[in-house]
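Colleague:
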Amino acid sequence: MVKNVSTEINGKPLYIETGRIAKQASGSVVVTCGQTVVLVTAVSTDEIRTGIDFLPLTVEYLEMSYAGGKIPGNFFRRDMGRPSERETLTARLIDRPLRPLFPDNYHFETQVIATVLSSDKENQSDVLAILGASAALEVSDIPFSGPIAGVRVGRIDGKFITNPTLSEQAESDMNIIVASNRDGVVMVEGGSLFVSESDMIEAIFYGHEAIQPLLDMQDELKAQAGKPKRIVEPD
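Our numbering applies: residue 32 is where the sequence shown begins, and numbers increase by one.
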């Protein structure tokens, strides 16, 4: 059954939908803001991987050429080629806040894959992918101590902006991505132009507050469509 939740960020509606696409995955969601659409799937095997003492988690972020209305020009730009630098760095942005939230003894092969289906070249897909990764895990049966979410924080004329568009970013003197849960910030990435330390700290706290409605969305979606979580036996 298809379930939807929504909120508003920077005056723009943001939607999360589950139950329509990738139904065979452990959890899947479609995140939409403007005309930017990201599909995120989470899958975990049923058989434990023996002989390891770490979480075998793979996170991928894929920007399909058709999402921007393009046709790849050569082999290395084809969608089946090696990932671009941006794709690799964005996958790491998704991985870093997620990885610590799995049980320490969860040794099942797990994949989280974010695929950009459409890009309007204004609303950026990386922060939508972070949100979608958490939401996909939340509605899945995979044990996960979420939710988390990520937002981009910009500042124009001294005023903070949540998830600025690309045109707004060109006027901003900072560009940071903040990821957090209810309790606090779990990741910060980005940079700024001659911004004081106190202003950066204020921006981080601003991002943490802006994330709270995104956590509420995920709680609502989990209540509507979440699967019972697997029981992980202690070591």
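Ideal placement from N, C-alpha and C gives every residue a C-beta, glycine not left out.
Let me check understanding here. Comparing Cα to Cα, which of L245, I207 and S211 lies closest to M231?
Modeller: It is I207 whose Cα lies nearest to the Cα of M231.
Colleague: By how many angstroms is the C-alpha of E240 removed from the C-alpha of V74?
Modeller: 30 angstroms
Colleague: Tell me, to the nearest whole angstrom, how far the beta carbon of G65 is from that of D151; I am working on the premise that it is less than 8 angstroms.
Modeller: 5 angstroms
Colleague: In this structure, does DSSP put K6 in helix, strand or coil?
Modeller: The chain is shown from 32 up to 266; residue 6 falls before or after that span and cannot be answered.
Colleague: Identify which residue in E169, T63, T141 and I83 has its Cα closest to the Cα of Q249.
Modeller: When each option's Cα is compared against that of Q249, the closest is E169.
Colleague: Touching or not, the stretch 53 to 73 and the stretch 158 to 172, by the rule of three or more beta carbon pairs under 8 angstroms?
Modeller: yes
Colleague: Excluding the five sequence neighbours on either side, which residues of its own chain have a C-beta within less than 7 angstroms of the C-beta of E118, listed in chain order?
Modeller: Y92, L93 and E94
Colleague: Roughly how many angstroms separate the alpha carbons of E233 and D77, rounded to a whole number?
Modeller: 44 angstroms
Colleague: Please report how far the alpha carbon of V219 lies from the alpha carbon of I235, in whole angstroms.
Modeller: 8 angstroms
Colleague: When we look at the beta-carbon of G185 and count the other beta-carbons within 10 Å, is it buried (16 or more) or exposed?
Modeller: buried
Colleague: Could you round the C-beta distance between V143 and I125 to whole angstroms and report it? I think they count as a contact, below 8 angstroms.
Modeller: 7 angstroms
Colleague: One question on the structure: do V90 and R123 come within less than 9 angstroms of each other, judged by their Cβ atoms?
Modeller: Against a cut-off of 9 angstroms, the Cβ pair of R123 and V90 comes out as a contact.
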